[in-house]
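The sequence shown runs -29 to -1, 1 to 453 under mature numbering (1 follows the signal peptide of the UniProt record, and there is no 0).
Glycine included, each C-beta is placed from N, C-alpha and C at the ideal position.
From a predicted model like this one, the values you see are computed outputs, not experimental measurements.
Heads up, the thing below is written out as structure tokens.
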Amino acid sequence: MFRAVARLGLRRAAALSALGGSGLLAANAQCEDAQPSIAELLKRLETKISRIEEGLAPSGRADVVLGAQWGDEGKGKLVDALSVNYDICARVAGGSNAGHTIIVNGKRYAFHLVPSGILNEKTVCVIGNGVVVHIPSLLKELDALTLANVKWEGRIKLSDRAHLVFDFHQDLDGAMENKRGRNKIGTTRKGIGPAYASKIQRNGVRVGELKYMDDFKEQLAALAEYCGGLPGMDPIDVDAEFAYYESVRDRVMPLITDTVSYVNDAHDAGAKILIEGANATMLDIDFGTYPYVTSSNPSIGSVFTGLGICPKKLGGVYGIVKAYCTRVGEGPFPTELHDEVGDHLGKVGREFGTTTGRPRRCGWLDIPQAALMRYSCKINGFTHLNLTKLDVLTGLPEVKLGIKYMLDGKELTEMPASLRDLARCEVVYESFPGWTQNIDNVTRFEELPPQAQNYVLRIEQLLKVKIRWIGTGGDRNSSIER
């Protein structure tokens, strides 16, 4: 391939040289009215050669996995399964508030900052500039990987442009949540919001500042003075905070990389890149159920701003949606169940937050809320879907889908921005017969009971996006690909 490109380059040079040497270019300068001109012909020839070269050049690929609901959909499992076919796996938003769980041969792994692709030994994992990084949490994860005999050295690239989450950011997060009282948001208290606030206020500290510790200390002191003066905060011991970063600097520095250049150069050289979304669309600071949202943009936009690649490099956009719906924390939840069915979903689905351990609220799959047809798909442009945890519905005599919202007797055609309107919505359901056959570890769609097949096909019909993968158990291999 490269020899072919080289030959084209030589031919281009030879053609230009011959035309120039023959005096044709000079003649053309004197005959501007020639139709078509020699210069125009050369321009057309060069354009055609460039297009051929582009076709022969190595072409990279970047695909993204995004949550379509309120998080906890099972993004990590798909990322783990897919990443064996990718060279790079990247996180682009959020921080240690994210929790992705993967089960391999019965062993459970929980990731918060490290991309889920780390379990595949040939995959390089990138923590992009859009992530906010709590260094103690990152090092704790790396130590846990070492204890689990996962060889990660040389496979973690930490963006020099990513912002740091300090311990006092976490203290501030808790103080702000406590001050809200009954109006609490349900934050994980991991310091994510305050760290993003520091970034936007332009007094944050980036990972790359660890290169020059005198500058780092100066910036840390200024930030600590600001945060320490906010309501509910105690004075911050800057010397102790600085001493910690001095003590771990030698561990962190080898990870720090210009990830924007690294990822783009790799893509242009033909690398396959898998981008792992954190949180989910309905928690997006702009598109979610504000203010009960996270502090970043875990929808499609973060892929570009949080990693530094351009839109034309993006290929597949894979939306993850549970076969039912869950939510952690506060905020409206139109299909929430407060009965034995909700208890079944929580117990069988092991619905407890990976990061906080809090029980998740459970309800029926909500087509308007999941909005893969009317909302999330508009925003993210999903090319395929992964329907997870279908096995959790086994044993229910009846399964329901929320198919539309009614407000004051009128059907809503769009997701309401007003929380008051959303809380007042009545949900119209479609009912399906359940199934009792154990579908754990089923790997072929035809092996599912007819009732389960019909449920999946109806979701696909309503969402108008192909369901490519179906989760049938917790293990990495417990899934169907259609």
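DSSP beta-bridge partners of residue i
| i | result |
| --- | --- |
| C60 | C96, L245 |
| V102 | G65 |
| K161 | BP columns for K161 are empty, so no partner. |
| A81 | T72 |
| C333 | T297 |
| S130 | T228 |
| E307 | G334 |
| Y289 | V36, H355 |
| G373 | D337, Y400 |
| R177 | H134 |
| S450 | G442 |
| L53 | Answer is none; L53 lacks a bridge partner. |
| F323 | P330 |
| L378 | K381 |
Environment of residue i [buried if 16+ CB atoms lie within 10 Å]
| i | result |
| --- | --- |
| T384 | exposed |
| M377 | exposed |
| G(-10) | At G(-10) the pLDDT is 45, less than 50, meaning the model places this residue with poor confidence; the figure from the coordinates comes in the next sentence. Exposed, because fewer than 16 other Cβ atoms sit within 10 Å of the Cβ of G(-10). |
| P282 | exposed |
| N149 | exposed |
| G352 | exposed |
| N432 | Residue identity differs from the one stated: residue 432 is Gln in this sequence, not Asn. Answer is exposed; the Cβ neighbour count stays below 16. |
| Y183 | exposed |
| S30 | exposed |
| I73 | buried |
| A119 | exposed |
| E417 | exposed |
| D208 | exposed |
| A193 | exposed |
| L428 | exposed |
| G(-7) | Low local confidence applies: a pLDDT of 45 at G(-7) is under 50, so the model's placement there is unreliable, and no value is given. |
| T365 | buried |
| T414 | exposed |
| Y295 | buried |
| S449 | buried |
| G152 | exposed |
| N76 | exposed |
| A341 | In this prediction, A341 scores a pLDDT of 43, lower than 50, which makes its location untrustworthy; the coordinate-derived value is nonetheless stated afterwards. Per the 10 Å Cβ criterion, buried. |
| I410 | buried |
| W440 | buried |
| residue 454 | Because residue 454 is not part of the residues shown, which for the chain are -29 to 453, the question remains open. |
| Y261 | exposed |
| P206 | exposed |
| I171 | exposed |
| E3 | Note on E3: pLDDT 43, under 50, position unreliable in the model; no value is reported. |
Option in the options with minimal Cα separation from residue i
| i | options | result |
| --- | --- | --- |
| V50 | G334, A33, W41 | A33 |
| V312 | I271, G302, T276, V363 | V363 |
| P368 | Y346, Q408, P330, A242 | Q408 |
| Y57 | E397, V264, N100, C96 | C96 |
| K437 | R331, V288, T354 | T354 |
| D229 | I98, L116, P269, P165 | I98 |
| S232 | R15, D411, K128 | K128 |
| I430 | R331, A133, V292 | V292 |
| K371 | E382, T365, E401 | E401 |
| K93 | C348, E124, Q190 | E124 |
| P165 | N76, C348, G66, N100 | G66 |
| D131 | E180, N357, D221 | E180 |
| I227 | A133, I171, P202 | A133 |
| F82 | V102, L109, A64, I350 | L109 |
| I350 | D236, V288, V223 | V288 |
| P201 | K188, V219, R222, S169 | Inspection of the sequence shows that residue 201 is occupied by Leu rather than by Pro. Per the Cα distances, S169. |
| P387 | G334, G442, F258 | F258 |
| I338 | R331, S347, P330 | S347 |
| I246 | C396, G47, D221, V319 | G47 |
| H105 | D236, I163, A52, A195 | I163 |
| G101 | D114, R62, A115 | R62 |
| A64 | K284, A52, V103, V36 | V103 |
| K161 | R126, R332, T265, G320 | T265 |
| W406 | L419, G145, P107, G199 | L419 |
| F187 | L135, G445, V36, N235 | L135 |
In chain order, what are the residue ranges of uninterrupted alpha helix (DSSP H) at least 4 long that sit wholly in the stretch 395 to 444? Qualifying alpha helix (DSSP H) stretches, in chain order: 421 to 434.
Mind the definition here: the stretch 248 to 262 touches the stretch 40 to 47 only if three or more C-beta pairs lie below 8 Å; say whether that holds. Using a C-beta cut-off of 8 Å, the stretch 248 to 262 makes contact with the stretch 40 to 47, since at least three inter-stretch Cβ pairs fall below that distance.
Does the count of Cβ pairs from the stretch 166 to 176 and the stretch 215 to 229 closer than 8 Å reach three? At 8 Å Cβ cutoff, the stretches do not touch.
Is the stretch 272 to 280 close to the stretch 82 to 89, with three or more CB pairs under 8 Å? Too few Cβ pairs lie closer than 8 Å, so no.
Does the pairing of the stretch 386 to 398 with the stretch 420 to 440 give three or more beta-carbon distances under 8 Å? The stretch 386 to 398 and the stretch 420 to 440 do not touch, with fewer than 3 CB-CB distances between them shorter than 8 Å.
Pairing CB atoms from the stretch 288 to 304 with CB atoms from the stretch 153 to 165, are three or more of them under 8 Å? By the Cβ rule, the stretch 288 to 304 counts as touching the stretch 153 to 165, because three or more pairs are nearer than 8 Å.
Could you say if the stretch 194 to 212 and the stretch 137 to 144 meet the contact criterion of at least three C-beta pairs nearer than 8 Å? They touch, by the three-pair rule.
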